[in-house]
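2 protein chains.
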Amino acid sequence: MIEITMVEPTVALYGPSYDQTVEVLDEVIRESGARYALLLDRKGFVLAHRRALWASKPPPLDSLATLVANNAAAIQALAKILGEAQFQEQVHQGKDVGLFLEETGSLALLVIIFDSSAPLGRIKLFGKRAAKLLAKIAAEATVAPDKLGIDSEYSEGASALLDDLFGTSS
Amino acid sequence: MIEITMVEPTVALYGPSYDQTVEVLDEVIRESGARYALLLDRKGFVLAHRRALWASKPPPLDSLATLVANNAAAIQALAKILGEAQFQEQVHQGKDVGLFLEETGSLALLVIIFDSSAPLGRIKLFGKRAAKLLAKIAAEATVAPDKLGIDSEYSEGASALLDDLFGTSS
Numbered sequence: 000m001i002e003i004t005m006v007e008p009t010v011a012l013y014g015p016s017y018d019q020t021v022e023v024l025d026e027v028i029r030e031s032g033a034r035y036a037l038l039l040d041r042k043g044f045v046l047a048h049r050r051a052l053w054a055s056k057p058p059p060l061d062s063l064a065t066l067v068a069n070n071a072a073a074i075q076a077l078a079k080i081l082g083e084a085q086f087q088e089q090v091h092q093g094k095d096v097g098l099f100l101e102e103t104g105s106l107a108l109l110v111i112i113f114d115s116s117a118p119l120g121r122i123k124l125f126g127k128r129a130a131k132l133l134a135k136i137a138a139e140a141t142v143a144p145d146k147l148g149i150d151s152e153y154s155e156g157a158s159a160l161l162d163d164l165f166g167t168s169s
Numbered sequence: 000m001i002e003i004t005m006v007e008p009t010v011a012l013y014g015p016s017y018d019q020t021v022e023v024l025d026e027v028i029r030e031s032g033a034r035y036a037l038l039l040d041r042k043g044f045v046l047a048h049r050r051a052l053w054a055s056k057p058p059p060l061d062s063l064a065t066l067v068a069n070n071a072a073a074i075q076a077l078a079k080i081l082g083e084a085q086f087q088e089q090v091h092q093g094k095d096v097g098l099f100l101e102e103t104g105s106l107a108l109l110v111i112i113f114d115s116s117a118p119l120g121r122i123k124l125f126g127k128r129a130a131k132l133l134a135k136i137a138a139e140a141t142v143a144p145d146k147l148g149i150d151s152e153y154s155e156g157a158s159a160l161l162d163d164l165f166g167t168s169s
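Residue numbers (numbering that gives the first Met the number 0), protein chains in the order written: chain A, 0 to 169; chain B, 0 to 169.
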């Protein structure tokens, strides 16, 4: 029997780790003048998001998170060609809106969306500072694979498949 | 009969346009302290590339160009979600190396690769200035589709296929 398992987040923020994350995101927004701040895991799940008091409704965050996470993964091929382990930081600048992305430990990504009028220096400064704090929080909130049950389910499914194919039973 | 046509560059730089491009790229490198400067077309073809006198052999440029062009195309989905027509400018920053990308008209991309020790402000300033000059040069050097013969070959191939299928002759 094969079970289909959905992709699950690598990091789960509950209680105090979520509260701390929200506090850090709020501070980034306050200090940098940014519009939105999000913490994503590398698979593209939104772990937490905040917006400035004055900011309008944000864009569809799940789609945004998926695109950002996929793009961050793709860009690593480019880093490798240039002899870098990875690009820690990315800035995408449009006419009115900018997007700042900072690696947050090995598991998460900090995304800051800002108006082009906001000072990029402050976005980067407070973004980097926040990413360091968030990396610690995320590392402590990592979900162990067996907690999610993906690995055991997968291996049971795989064993069952092999049994069917070769007629052995374990 | 169907003919398979390869992807061809949209822009071709010959004679004076190539010389002008090289001049602009050399100036960017000289003024900004960058290591390499490349002009690509959006499909990922290297139109021209230069390196600093002191710079070592560059990374495989064709692979780099393909990755950059694909990535630049993918990132536009992100821009659209944020209500931007496109991101004109991207900066990817690693520990030792950085990559600056600026839209160069609608056809080309300027890529500047720099050491992390180079001042980002200068890279951006001279990068933007160069992109404007290069956009003009590239626009004048655009290859008309019928010059490449892709369109006529494609339509002939398609007609022949339809003839085979439906037994009509044109």
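Beta carbons are placed, not taken as given, at the ideal position from N, Cα and C, and that holds for glycine.
It should be emphasised that the depicted structure is a prediction, and the values quoted were computed from it without experimental measurement.
If you reduce the DSSP assignment to three classes, tell me which class residue i lands in.
i, result
"B:ARG121", "helix"
"B:TYR17", "helix"
"A:VAL10", "strand"
"A:GLU2", "coil"
"B:ALA129", "helix"
"B:LEU24", "helix"
"A:ALA33", "coil"
"B:ALA107", "strand"
"A:VAL142", "coil"
In chain order, what residues of the same chain lie with their CB nearer than 8 Å to the CB of residue i, ignoring the 5 residues before and after it?
i, result
"B:VAL45", "LEU37, LEU38, LEU39, LEU60, ASP61 and ALA64"
"A:LYS127", "GLU88 and GLU101"
"A:VAL21", "ALA47 and ARG49"
"A:ALA78", "ALA84, GLN85 and PHE86"
"B:ILE3", "none"
"A:PHE13", "With the sequence shown as reference, residue 13 of chain A is identified as Tyr, and Phe is not the correct amino acid for it. Contacts found: ALA140."
Is residue i close to chain B? Criterion is C-beta to C-beta, closer than 8 Å.
i, result
"A:PRO58", "yes"
"A:SER62", "yes"
"A:LEU98", "yes"
Could you pull out every residue in the same chain whose Cβ sits closer than 6 Å to the Cβ of residue i, ignoring the five residues on either side in sequence?
i, result
"A:ALA54", "ARG34"
"A:ILE112", "ARG34, TYR35 and LEU98"
"A:ALA51", "ILE28 and ARG34"
"B:GLY148", "Reliability of the predicted coordinates at B:GLY148 is poor, the pLDDT of 49 falling under 50, and no value is obtained from them."
Looking at the C-beta of residue i, does it have a partner C-beta in chain A at a distance below 8 Å?
i, result
"B:ILE28", "no"
"B:ASP40", "no"
"B:ILE233", "Coverage of chain B is limited to positions 0 through 169, which leaves residue 233 of chain B absent and any answer about it impossible."
"B:ASP18", "no"
"B:ASP95", "yes"
Can you list, in chain order, the residues of its chain with a C-beta nearer than 7 Å to that of residue i? Leave out the 5 residues immediately preceding and following it.
i, result
"B:GLY120", "none"
"A:SER16", "ILE136, GLU139 and ALA140"
"B:ALA68", "LEU39, ARG41, LYS42, GLY43 and LEU108"
"B:ASP25", "ARG49"
"B:LYS94", "SER115"
"B:ALA11", "ALA140 and VAL142"
Should the segment 76–96 of chain A be called in touch with the segment 52–60 of chain A, which here means at least 3 C-beta pairs below 8 Å?
The segment 76–96 of chain A vs the segment 52–60 of chain A: no contact.
With three or more beta-carbon pairs closer than 8 Å as the criterion, would you say the segment 130–145 of chain B touches the segment 97–111 of chain B? yes
Pull out every residue of the segment 65–93 of chain A whose Cβ sits closer than 8 Å to any Cβ of chain D, in chain order. Absent from the structure: chain D. Protein chains present are A and B.
Notebook entry, point to check: Whole alpha helix (DSSP H) runs in the segment 48–98 of chain A with 4 or more residues, listed along the chain?
Noted result: Runs of the alpha helix (DSSP H) inside the segment 48–98 of chain A: 60–80.
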